[in-house]
Amino acid sequence: MEDKKQRAYSSLESQCAKREYCTADIYKKALDRLEGDSAAAEEIVARLVEGGFVSDLRYAGAFAREKAALTGWGPVKIRFALSAKHISREVIDEALREIDSEKADDRLRHLLEAKRHLLEGDPQIRLKLIKFALSRGYDYDTVKKFVD
-8 MEDKKQRAYS
2 SLESQCAKRE
12 YCTADIYKKA
22 LDRLEGDSAA
32 AEEIVARLVE
42 GGFVSDLRYA
52 GAFAREKAAL
62 TGWGPVKIRF
72 ALSAKHISRE
82 VIDEALREID
92 SEKADDRLRH
102 LLEAKRHLLE
112 GDPQIRLKLI
122 KFALSRGYDY
132 DTVKKFVD
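Residue numbers for the sequence shown follow the numbering used here, so the first one is -8 and each next one is one higher.
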């Protein structure tokens, strides 16, 4: 069993060196490689965290920056997605502070302008713009400021 655990650790260490993973994702990967041995999977995750290969804070920061900048997600949607990965509230709050609020506002403004052009002449344009921005993960107060 030790040989299997060492191979799983080496494989996961190599993966973590190439990109960021959260502890929940690595735990699932370890569990798969160890055929359901949860104690060994927890041990591997602990070793990877201790070695600096896995960090929920680094993962959450990278995730938040990517989703805000590239896909135009708002903080509500980012918070929800990170919560689904079992990342703590404190870590999520820290990651959301890394997002440049001016760039996020510009991104929202651009998204709303593009959507407004698609909805020209629609009598429910305001409602549809609000629903669109809310679905992207922006809070109502921020959305209302831009739609009005």
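Backbone N, C-alpha and C fix where the C-beta goes; we use that ideal spot for every residue, glycine too.
Every value quoted in this text rests on a predicted model; they were computed, and no experiment measured them.
Given residue i, which residues of its chain have a CB within under 6 Å of its CB, disregarding the five upstream and five downstream residues?
i	result
D23	none
I90	A55, A59
P66	L87
What separation, rounded to the nearest whole angstrom, lies between the Cα atoms of residue i and residue j?
i	j	result
A95	S2	37 Å
L61	E(-7)	42 Å
Could you pull the start and end residues of the alpha helix (DSSP H) that residue i belongs to?
i	result
E34	29 to 41
L102	92 to 109
L87	80 to 88
D16	14 to 24
T133	131 to 138
E4	-7 to 9
What does the Cβ neighbour count give for residue i, buried or exposed, with the cut at 16 atoms within 10 Å?
i	result
G128	buried
D47	buried
A30	exposed
Grab me the residues of residue i's own chain with a C-beta within less than 8 Å of its C-beta, minus the 5 sequence neighbours each way, in chain order.
i	result
L118	none
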